[in-house]
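Since the structure comes first, as structure tokens, the remarks are kept for the end.
Number of protein chains: 2
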Amino acid sequence: MSAPRLLKSYLSGRWAEGTGRAQTLVNPATEEPLAEVKSGGLDLAGALEHARKVGGPALRAMTLGERGAMLRRMTDALQAHRNELLDLAVANGGNTRGDAKFDVDGAIFTLAAYADLGKGLGEVKVLADGEGIPLARNPRFHGQHILVPRTGVAVHINAFNFPAWGLAEKAAVALLAGMPVVSKPATSSALVAHRILEVLTEAQAMPEGALSLLMGGAGDLLEHLGPFDVVAFTGSSDTGVSIRSISPVIKNSVRVNVEADSLNAAILGPDVAAGQETWDYFVKDVLRDMTQKAGQKCTAIRRVLVPSDRADRLRDDLVERLSAVTVGNPELDNVRMGPVATAGQLEDVRAGVAQLARDGRLVFGSGDVKAVGVPAGKGFFTTPVLIEVEAGAPAPSVHSREVFGPVATLVPYSGRADDAAELVGRGRGGLVSSVYSEDAAFTADVVLGIAPFHGRVFLGSAKIAEASPGPGTVLPMLVHGGPGRAGGGEELGGLRGLGFYMQRVALEGSRPVIEKIVR
Amino acid sequence: MSAPRLLKSYLSGRWAEGTGRAQTLVNPATEEPLAEVKSGGLDLAGALEHARKVGGPALRAMTLGERGAMLRRMTDALQAHRNELLDLAVANGGNTRGDAKFDVDGAIFTLAAYADLGKGLGEVKVLADGEGIPLARNPRFHGQHILVPRTGVAVHINAFNFPAWGLAEKAAVALLAGMPVVSKPATSSALVAHRILEVLTEAQAMPEGALSLLMGGAGDLLEHLGPFDVVAFTGSSDTGVSIRSISPVIKNSVRVNVEADSLNAAILGPDVAAGQETWDYFVKDVLRDMTQKAGQKCTAIRRVLVPSDRADRLRDDLVERLSAVTVGNPELDNVRMGPVATAGQLEDVRAGVAQLARDGRLVFGSGDVKAVGVPAGKGFFTTPVLIEVEAGAPAPSVHSREVFGPVATLVPYSGRADDAAELVGRGRGGLVSSVYSEDAAFTADVVLGIAPFHGRVFLGSAKIAEASPGPGTVLPMLVHGGPGRAGGGEELGGLRGLGFYMQRVALEGSRPVIEKIVR
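The structure is reproduced here in structure tokens:
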């Protein structure tokens, strides 16, 4: 067998080959090597400066409408290569075809949403932020806030679980705001991101310097950040802490956005009885979040809060459904759940399950699995795992250890909204939690109780079951992020997301002059 | 002479005396001791927890309208003690009566502005953020962003130059948002802040736990911060870096707002000739910023950009006016400028002047001064200082060293907007810069050129001269803060300021239920 293909980085407007030790990208179902990356010897400071000096001015010369058109070209280019990207996601990401669509179509959908936003903003380069403000009795003395693009570079560091969506959701917002991007995908699953850059550069969708890609390790990339740069990171809390601790990041007040760990909760209301539509909907959403992408979604339900008097029934229903999940090679149509992304990830899941199990009792899945369609002993597979804790048990790990795999815990509670909120709050900040109930008063109490701990709260109801993708799906028009353990970040949310990449400035002075600037 | 009065802290709902080594507060004009503080032995973790557990729930139980009424009670209480506060500011802050009014009236004005905002919001506890968002063809599936108070405590660390305004502008926003505050004034000038807390607690203006005051050092205060707490700091970049580096702050994703150094620039347009109204207005604003509070304003003009062909004339005009400034005991009516705040501050100013002078030439003020109305050799006085650099000289210190005193540099430039913007940008991020011109096109070019480096841009024109307080004044309805060197923070800006103390949450679900929650 020949050596696998070496993937280049796209920096300073050209493809560049790294040097040094190779890292190998594999198919996590078969462990077959797919490609290699080397990230030594690249001029990262130069790449950042190229983005700032070439990409930034090109983007800032465009109106928001023109940047929207650029995002539309990117959308179209990816759409034209969708099948190819899906195949790569299946091969390199352990994704079933459905998982791959979730990633790739999510990327296309998010780019398209920001393309539309740009189109709607049209021929402006300066965004008005709010209305004009009279500052004195003299109506000439006037204030107006505006948003202008930051003049630095946006560094994006993405997680392994969404190589397509992670790249696109961050890049769409930064590019529409007018900031050039250097994107670093996680190495293990980077084939998809790499192909995306090939497709986009072949299509000449963006001006030179607007979007770069760094394959492999980040090296000293963040050591070169200056006062007008930003970093957006998705991944573990530990890495988030490292990024926030980098001296030039702190000294230069570099804006940092972190999406990190989250013990997302789903709360079943006391009004919902087994067999009701809402019950089935709840079970379906929990199942989807446990198995989709083998549970490797930062928004996946990790804690299932159920009124104590129906915890047994819910457990039995979940166990029954989990028993029917076929685990194996995601290329096969009958496989519902593929492997986790890497050997390290599998080890981490196993250690996490062992820790959670000490807080409760394993009710489904030992972790060990006979995966279908793969050579014996190959692949990073686990069963889904459900752990049940006793009502009232402190179970500290359940509220603090995010096991990034197909793993959830069942936590019985009293059925009171305040008790549910208290349990959810033990997670010390998360991305999204959800409440499934047809009782509007209970729903409102839970929502207001848990809102301070989250960036998003999902209100599950049979009435929206058909229209909704569930709490695990991030929509471009709603913010994504959360306080505390979740990293304190905020992305997307339609135009809100642009704020991170722009400088808000209060203009203060003569009204006619200001109105000429803002229009 | 008896020992000066020991000032207590107000923590956990009562006045508490510290232990350990005393720090002495003096009159910076006479060096007469005024009071002492000791900050050892205080239970700071307990004080934070009291704010979270007692103050937070009390504030969150109030509507925004009720919190506005609370701010109105605070406004009224301070107004009733205004003269007393002005006297303290003169005695402990080196303030002239005008300087003292700038601080104390600024505090009252800002509290009143947020009281009005609260009143306008009325009987709501949840703020809607933007409009509702249709999420699918099914109109029932709906999104709405809301803002809810964070459930932690807001720690405010203020600078020595504005003991009244600094406390009030931060507290007004946090309290209206629904977060309890622990405020730490700078020790040297803390008499005013201390008296404010006495006045407010005597008036029972706030519920228990809503507003605490820590006198003296911060000790281990910030080591106890958790995921739903925030810190807002105003002061030096170095201290800002220290705060951002504290491990629990990083690990818990504590929100940090920093207002730090800034080399604010004022640019004179090439259309403005000596003797014109705009010229005189410009000279007046530069003079005010150099001498008001002895130049100790974070927003004061530090760099004066003037077209080369009229630099001599501007220098001569400024020197003539500076010669007429009487420096001395600020209690005297004929004194225009008092001392700087401390001996350390004076030393810092002198070192800074020496550094700047190496980049150019001292054209006014040796620093040494015969201050009127004080015992010989007493007080922390300096003359105003003007330094002129040569056109085109690199003068790196002029763009990087903020001398926090009555010191400005004159920087000739070509008269082109892009050259002005380039020079301003060398400051690597600031709070506010200004352009004085009657040429709308030049003004617009400068504004857009320098906007990315600032939180505020002031457009000086003779047409608003009478209505405007100049670039050095922070208005509550406009944001205050700036990127890079200025710390990357943002305060005030009307309702915008509340965002820092609130969690933005996307609600996603059934439209009627969401609308019932938000109203």
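In order, the protein sequences belong to chains A and B.
Note that this note's numbering has the first sequence beginning at 1, numbered continuously upward.
Note that this note's numbering has the second sequence beginning at 520, numbered continuously upward.
C-beta atoms are modelled at their ideal positions from N, C-alpha and C, and glycine is treated no differently.
According to DSSP, simplified to helix, strand and coil, what is residue i?
| i | result |
| --- | --- |
| Val943/B | helix |
| His520/A | For residue 520/A there is no data in the structure shown, the boundaries of chain A being 1 and 519. |
| Glu402/A | coil |
| Ile246/A | coil |
| Asn602/B | helix |
| Pro4/A | coil |
| Glu169/A | helix |
| Pro452/A | helix |
| Pro653/B | strand |
| Asn257/A | strand |
| Gly863/B | helix |
| Ile820/B | coil |
| Val369/A | coil |
| Thr720/B | helix |
| Thr543/B | strand |
| Asp439/A | coil |
| Gln177/A | Here the sequence assigns Ala to residue 177/A, which means Gln is not the residue at that position. Ala177/A falls in the helix class under three-state DSSP. |
| Gly989/B | coil |
| Leu11/A | strand |
| Met74/A | helix |
Got a sec: does the ligand MG put a non-hydrogen atom nearer than 7 Å to the Cβ of residue i?
| i | result |
| --- | --- |
| Asp316/A | Absence of the ligand MG from the depicted structure is noted, as is the absence of any ligand whatsoever, leaving it without description. |
Look at the Cβ atom of residue i, then the Cβ atom of residue j, and state whether they are nearer than 8 Å.
| i | j | result |
| --- | --- | --- |
| Gly735/B | Arg586/B | no |
| Leu824/B | Ala785/B | yes |
| Ala451/A | Gln1022/B | yes |
| His569/B | Ser528/B | no |
| Glu921/B | Ser781/B | yes |
| Ser916/B | Asp878/B | yes |
| Glu31/A | Gly344/A | no |
| Glu1009/B | Glu688/B | no |
| Thr818/B | Val993/B | yes |
| Val674/B | Asp748/B | yes |
| Phe621/B | Lys812/B | yes |
| Val335/A | Thr96/A | yes |
| Ser468/A | Gly269/A | no |
| Pro704/B | Ala693/B | no |
| Asn783/B | Ser952/B | yes |
| Ile157/A | Leu78/A | no |
| Gly974/B | Val998/B | yes |
| Asp99/A | Gly338/A | yes |
Of the residues the options, which one's Cα is nearest the Cα of residue i?
| i | options | result |
| --- | --- | --- |
| Leu25/A | Val424/A, Ser12/A and Leu6/A | Leu6/A |
| Leu1014/B | Leu695/B, Ala678/B and Ala588/B | Leu695/B |
| Thr19/A | Gly41/A, Gln355/A and Arg519/A | Gly41/A |
| Pro523/B | Glu536/B, Trp534/B and Val556/B | Val556/B |
| Pro227/A | Ile1036/B, Arg945/B and Gly788/B | Arg945/B |
| Arg73/A | Pro163/A, Pro207/A, Gln355/A and Gly338/A | Pro207/A |
| His959/B | Asp790/B, Thr810/B and Tyr1020/B | According to the sequence provided, residue 959/B is Ala. The question's His does not apply to it. Closest by alpha carbon: Asp790/B. |
| Ser366/A | Gly377/A, Ala376/A and Val353/A | Val353/A |
| Leu929/B | Leu881/B, Pro894/B and Ser919/B | Leu881/B |
Sufficient close CB pairs (3 or more, under 8 Å) joining the stretch 496-512 of chain A to the stretch 977-992 of chain B: Verdict: yes, contact present.
The stretch 866-880 of chain B touching the stretch 917-934 of chain B, judged by at least three CB pairs closer than 8 Å: yes
Contact set between the stretch 951-970 of chain B and chain A, restricted to residues whose Cβ is under 8 Å from the partner: Ala959, Thr962, Ala963, Val966, Leu967 and Ala970
The stretch 313-329 of chain A contacting the stretch 372-385 of chain A, beta-carbon criterion three pairs below 8 Å: Taking 8 Å as the limit for Cβ pairs, the verdict is that the stretch 372-385 of chain A does touch the stretch 313-329 of chain A.
Cβ pair count under 8 Å reaching 3, the stretch 605-612 of chain B against the stretch 766-777 of chain B: no
Where the stretch 272-284 of chain A meets chain B: residues whose CB sits under 9 Å from a CB there: none
Members of the stretch 989-1004 of chain B that neighbour chain A once the beta carbon cut-off is set at 7 Å: Going along the stretch 989-1004 of chain B in chain order, one finds Leu994, Met996, Leu997, Val998, Pro1002, Gly1003 and Arg1004 with a Cβ nearer than 7 Å to chain A.
Three-pair Cβ contact test at 8 Å for the stretch 206-221 of chain A versus the stretch 124-140 of chain A: no
Three CB pairs or more closer than 8 Å across the stretch 926-942 of chain B and the stretch 479-487 of chain A: Per the Cβ contact rule, the stretch 926-942 of chain B is not in contact with the stretch 479-487 of chain A (fewer than 3 Cβ pairs under 8 Å).
Selection of the stretch 1013-1032 of chain B by Cβ proximity to chain A, strictly under 7 Å: Gln1022, Arg1023, Val1024, Ala1025, Leu1026, Glu1027, Gly1028, Ser1029 and Val1032
Residues within the stretch 235-250 of chain A neighbouring chain B, beta-carbon criterion of under 7 Å: Within the stretch 235-250 of chain A, Val241, Arg244, Ser245 and Ile250 place their CB atoms closer than 7 Å to a CB of chain B, listed in sequence order.
Under 7 Å (Cβ pairs) to chain A, residues found in the stretch 650-663 of chain B: Within the stretch 650-663 of chain B, the qualifying residues are Ile652, Leu654, Ala655, Asn657, Arg659, Phe660 and Gly662.
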